[in-house]
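Oh and the sequence shown: position 150 is 152 in the working numbering, straight run, nothing missing.
Beta carbons are placed, not taken as given, at the ideal position from N, Cα and C, and that holds for glycine.
Quick caveat, the model's predicted, so the values are computed rather than measured.
What follows is a single structure, written as structure tokens, with notes after it.
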Amino acid sequence: MRTLRSAALAALPLVLVVSPARAATAPPAAPPATAQLSIALQPPQAPVVPGESGTLEVRVTNQGPAATTDRTLVVVHLPPPGVVQSADPPTTLTYFATGSSYSVPAGLAPGASSVERLALHVAPITLPFTTISGDVQAYYAGDPDRSGHTTPYEFSTADTRAHFMVGASSAWQAGHPEPRPGDLTGRPGATIDLPLWVYNAGPSYSRHPIDVWITVPEHTTLTGTTPYGCTAFPPRTLNCRYGNGPRYQDAVFIDPAVVIDPATAAGETLPGGTLNVSGQEDGPSPDAHTGFAVTVD
Numbered sequence: 003m004r005t006l007r008s009a010a011l012a013a014l015p016l017v018l019v020v021s022p023a024r025a026a027t028a029p030p031a032a033p034p035a036t037a038q039l040s041i042a043l044q045p046p047q048a049p050v051v052p053g054e055s056g057t058l059e060v061r062v063t064n065q066g067p068a069a070t071t072d073r074t075l076v077v078v079h080l081p082p083p084g085v086v087q088s089a090d091p092p093t094t095l096t097y098f099a100t101g102s103s104y105s106v107p108a109g110l111a112p113g114a115s116s117v118e119r120l121a122l123h124v125a126p127i128t129l130p131f132t133t134i135s136g137d138v139q140a141y142y143a144g145d146p147d148r149s150g151h152t153t154p155y156e157f158s159t160a161d162t163r164a165h166f167m168v169g170a171s172s173a174w175q176a177g178h179p180e181p182r183p184g185d186l187t188g189r190p191g192a193t194i195d196l197p198l199w200v201y202n203a204g205p206s207y208s209r210h211p212i213d214v215w216i217t218v219p220e221h222t223t224l225t226g227t228t229p230y231g232c233t234a235f236p237p238r239t240l241n242c243r244y245g246n247g248p249r250y251q252d253a254v255f256i257d258p259a260v261v262i263d264p265a266t267a268a269g270e271t272l273p274g275g276t277l278n279v280s281g282q283e284d285g286p287s288p289d290a291h292t293g294f295a296v297t298v299d
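Structure below.
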């Protein structure tokens with residue numbers, strides 16, 4: 003019995019010495035291959051007119067040794083009131099308070115890129131000559147950088163641009179006159195208001211001065227209070243100047259009052275009314291001039 007126990011104890015140190023030596027010779031396990039993402043951006047190269055869109059190109063590239071096995075979430079931050087209007091090639095955009103997001107499907111191979119051209123719409127109210135800054139983030143669960151990759155971008159806005167349209171009626175539809183009963187009609191000797199307006203079809207809010215010239219029809223005479231911003235040159239002319247034109251899809255109304263010549267007769271048409279507008283935001287346009295007449299009833 004003593005002989006067997008002594009032999010076992012004598013062999014034990016040999017086991018303890020040999021086992022660690024064997025473990026040291028085993029190669030360490032290789033880390034699993036992963037996808038590693040990078041983001042490259044190409045913001046709008048030219049200033050963007052408020053009310054229009056510029057293109058932001060987003061390139062998400064897999065720099066890792068393995069393909070992605072799950073979707074990649076791409077988050078685009080754009081300060082409000084701007085909005086990511088569309089994507090090319092088409093993809094589903096999910097909107098939130100400060101931007102939009104979309105997904106890159108799984109299977110992005112090593113060295114491959116996903117490219118989207120996003121239309122960044124600058125709201126019409128945006129001031130000109132300002133810098134808009136944002137960033138793009140990419141989240142992929144299998145990337146060693148679990149916090150997401152963030153790449154900033156910026157671009158500037160251009161001067162505003164407006165397209166002015168004029169009309170002689172108490173309402174407008176799509177920027178054109180929509181006469182209502184009683185518009186531009188009156189009895190001999192009556193005083194009537196002429197519903198004249200200047201409409202801004204955009205794309206921007208107007209932020210520059212505009213000039214308006216009005217001639218009222220023949221056999222009518224200016225009367226009453228001169229409209230705001232205007233100077234009267236009796237008997238038939240008004241010149242008006244405003245510090246800026248109307249907002250996008252809005253109008254400035256000018257309602258001069260005239261007296262119809264008592265010598266006119268019912269059924270007579272009094273021609274010669276004109277309305278013109280000009281401003282540095284809008285070049286020569288057929289919509290910036292209109293003629294109108296008063297009908298004697």
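Quick one: is R24 buried, meaning 16 or more other Cβ sit within 10 Å of its Cβ, or exposed?
Residue numbering aside, residue 24 sits at position 22 when the sequence shown is read from its first letter. Because the pLDDT at R24 is just 43, under 50, the model does not fix this residue reliably, and the point stays unresolved.
Keeping to the same chain, check which residues put their C-beta closer than 6 Å to that of Y141; ignore five residues upstream and five downstream.
Indexing the sequence shown from 1 puts residue 141 at position 139. These residues qualify, in order along the chain: L75 and G150.
Cutting at 6 Å between CB atoms, please list the residues of its own chain near P45, excluding the five before and the five after it.
Translated into the one-based positions of the sequence shown, residue 45 becomes position 43. Correct list, in chain order: L58, Y155 and F157.
Hey, could you find the ends of the beta strand (DSSP E) I216 is sitting in?
Working through the sequence shown from its first residue, we reach residue 216 at position 214. Its beta strand (DSSP E) spans residues I212 to T217.
Please state the DSSP three-state secondary structure of P288.
Your numbering for residue 288 matches position 286 in the sequence shown. Looking at P288 - three-state DSSP - the assignment turns out to be helix.
Could you pull the start and end residues of the beta strand (DSSP E) that F255 belongs to?
Translated into the one-based positions of the sequence shown, residue 255 becomes position 253. First-last of the beta strand (DSSP E) with F255: A253 to I256.
Verify whether the separation of the beta carbon atoms of G274 and E220 is less than 8 Å.
The residue given as residue 274 occupies position 272 in the sequence shown. The residue given as residue 220 occupies position 218 in the sequence shown. Yes.
Do V51 and R119 have their C-beta atoms within less than 8 Å of each other?
Numbered from 1 along the sequence shown, position 49 holds the residue referred to as residue 51. Numbered from 1 along the sequence shown, position 117 holds the residue referred to as residue 119. Cβ atoms of V51 and R119: not closer than 8 Å.
By Cβ distance, which residues of its chain are closer than 7 Å to T153, with the 5 residues on each side in sequence left out?
Start at 1 with the first residue of the sequence shown, and residue 153 comes out as number 151. Excluding positions up to five away in sequence, the list reads I41, L43, D137 and V138.
Neighbour-count burial assignment, A32, 16 or more Cβ in a 10 Å radius:
Taking the first residue of the sequence shown as 1, we reach residue 32 at position 30. Note on A32: pLDDT 47, under 50, position unreliable in the model; no value is reported.
Secondary structure of H123, DSSP reduced to three states
Within the sequence shown, numbered from 1, the residue matching residue 123 stands at position 121. Residue state, collapsed to three classes: strand.
With a threshold of 16 other CB atoms inside 10 Å of the CB of Y97, please say whether the residue is buried or exposed.
Along the sequence shown, read from residue 1 onward, the residue named residue 97 stands at position 95. Burial call: exposed.
Buried or exposed by the 16-neighbour rule on C-beta atoms within 10 Å, applied to G109:
Along the sequence shown, read from residue 1 onward, the residue named residue 109 stands at position 107. Exposed: under 16 other Cβ atoms inside 10 Å.
With a cut-off of 8 Å, does the C-beta of A265 fall near any C-beta of chain D?
No chain D appears in the structure shown, which is made up of a single protein chain.
Exposed or buried, A265, counting other C-beta atoms within 10 Å across all chains shown (16 or more means buried)?
Counting from one through the sequence shown, the residue named residue 265 turns up at place 263. Classification for A265: exposed.
Would you tell me roughly how many angstroms separate the C-alpha atoms of R249 and Y207, rounded to the nearest one?
For the purposes of this step, residue 249 is identified with residue 247 of the sequence shown, where counting begins at 1. For the purposes of this step, residue 207 is identified with residue 205 of the sequence shown, where counting begins at 1. For R249 and Y207, the distance between alpha carbons rounds to 4 Å.
My assumption, with CB atoms under 8 Å, is that I262 sits in contact with V298. Please give the rounded CB distance.
As a first step, residue 262 is located in the sequence shown; it is residue number 260 there, counting from the start. As a first step, residue 298 is located in the sequence shown; it is residue number 296 there, counting from the start. About 6 Å separates the two Cβ atoms, so the contact holds.
Take the Cβ of L80 as the centre, count every other Cβ of all protein chains shown within 10 Å, and call the residue buried at 16 or more, exposed below.
Here the question's residue 80 lines up with position 78 in the sequence shown. Flag for L80 reads buried.
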